[in-house]
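Count along the sequence shown starting at 1, add 310, and that's the number in our numbering. Here is the structure we will look at, set down as C-alpha cells.
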Amino acid sequence: LHRVDRRQRQMCIRDSNRKGVDDKIRKFDSIEEKITLAMKESKIFLNSRLTVKQLAKELGSNEKYVSNIINQRYQMNFSNFVNDFRIKYAAEILLDDNYKNFTIEAIGGLSGFSSKSAFNATFKKINGMTPSEYKIINTK
Numbered sequence: 311l312h313r314v315d316r317r318q319r320q321m322c323i324r325d326s327n328r329k330g331v332d333d334k335i336r337k338f339d340s341i342e343e344k345i346t347l348a349m350k351e352s353k354i355f356l357n358s359r360l361t362v363k364q365l366a367k368e369l370g371s372n373e374k375y376v377s378n379i380i381n382q383r384y385q386m387n388f389s390n391f392v393n394d395f396r397i398k399y400a401a402e403i404l405l406d407d408n409y410k411n412f413t414i415e416a417i418g419g420l421s422g423f424s425s426k427s428a429f430n431a432t433f434k435k436i437n438g439m440t441p442s443e444y445k446i447i448n449t450k
C-alpha cells in the first residue's frame, strides 16, 4: 500500500510538472504569435528607437520573456531580429517605383535605421551587397 501511494504521488508530480511545461509552451507560442503580428502586420520595427522593453510592453509581456523567445525560436538576439525585418522591408521599397526618387539614406530612415552607415553596414551584412548595389542589380 505504501509503494502504491508513493507511485501515485510521483505520477501526480510528473503530471503536474508536465501541465506546467505545457502551459509554458502555450504561453511561449502565444507570445511568439504576438511578436510575429507586431513585426509583420504592425511593422513595429520601423520605430528606429524600438527596444525589447517597448516591444514587450506592446505585447503585454516582459522583456526577459520576449528576449528569450527571440533568442530560442529565431536563433538571434533582439537587435539582429529587428534589423532582419528592417532590411527585408528596405529591400522591398528600394525596388518600389513609389520610392524611386528617395535617397538611400531616406530608405534607411523609412526602414527604421537612424543612420546611413548603420543601414549600409547591416544591409551588406545580410544581403552581401550595399543597398545601392542591390538596387542597381535588381532594377535591370
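Cβ atoms here follow ideal geometry from the backbone N, Cα and C, with glycine treated the same way.
By Cβ distance, which residues of its chain are closer than 7 Å to residue i, with the 5 residues on each side in sequence left out?
i      : result
Phe388 : Val362, Ser377, Ile380
Lys367 : none
Lys434 : Thr440
Return the Cβ separation of residue i and residue j in integer angstroms, given the expectation that the two are a contact with Cβ distance under 8 Å.
i      : j      : result
Phe391 : Tyr384 : 6 Å
Leu360 : Ile341 : That pair is no contact at about 16 Å.
What is the residue span of the alpha helix (DSSP H) that residue i lies within?
i      : result
Thr432 : 426 to 437
Leu405 : Segment: none, Leu405 is in no alpha helix (DSSP H) and carries neither H nor E.
Asn448 : 441 to 448
Gly419 : 414 to 420
Once you ignore the five residues that flank residue i on each side, which residues in its own chain have a CB closer than 8 Å to its CB?
i      : result
Thr432 : Asn393, Arg396, Ile397, Phe423
Asn430 : Ile414, Gly418, Thr440, Pro441
Asn437 : Ile397, Ala401, Tyr444
Should residue i go down as buried or exposed, given a rule of 16 or more other Cβ atoms within 10 Å for buried?
i      : result
Leu311 : Residue placement at Leu311 is flagged as unreliable, the pLDDT there being 46, under the threshold of 50; a coordinate-derived value is accordingly withheld.
Ser427 : exposed
Leu405 : exposed
Leu347 : exposed
Ala416 : exposed
Ile345 : buried
Ile447 : exposed
Gly418 : buried
Met349 : buried
Ser421 : buried
Should residue i be listed as close to the ligand ATP, given that the test is whether its C-beta is under 6 Å from any heavy atom?
i      : result
Thr361 : By its list of ligands, the structure shown contains no ligand whatsoever, and the ligand ATP lies outside what it can speak to.
With a floor of 3 residues, list each beta strand (DSSP E) that falls wholly inside the segment 352 to 396, ordered by position along the chain.
-> Complete beta strand (DSSP E) runs here, min 3: none at all.
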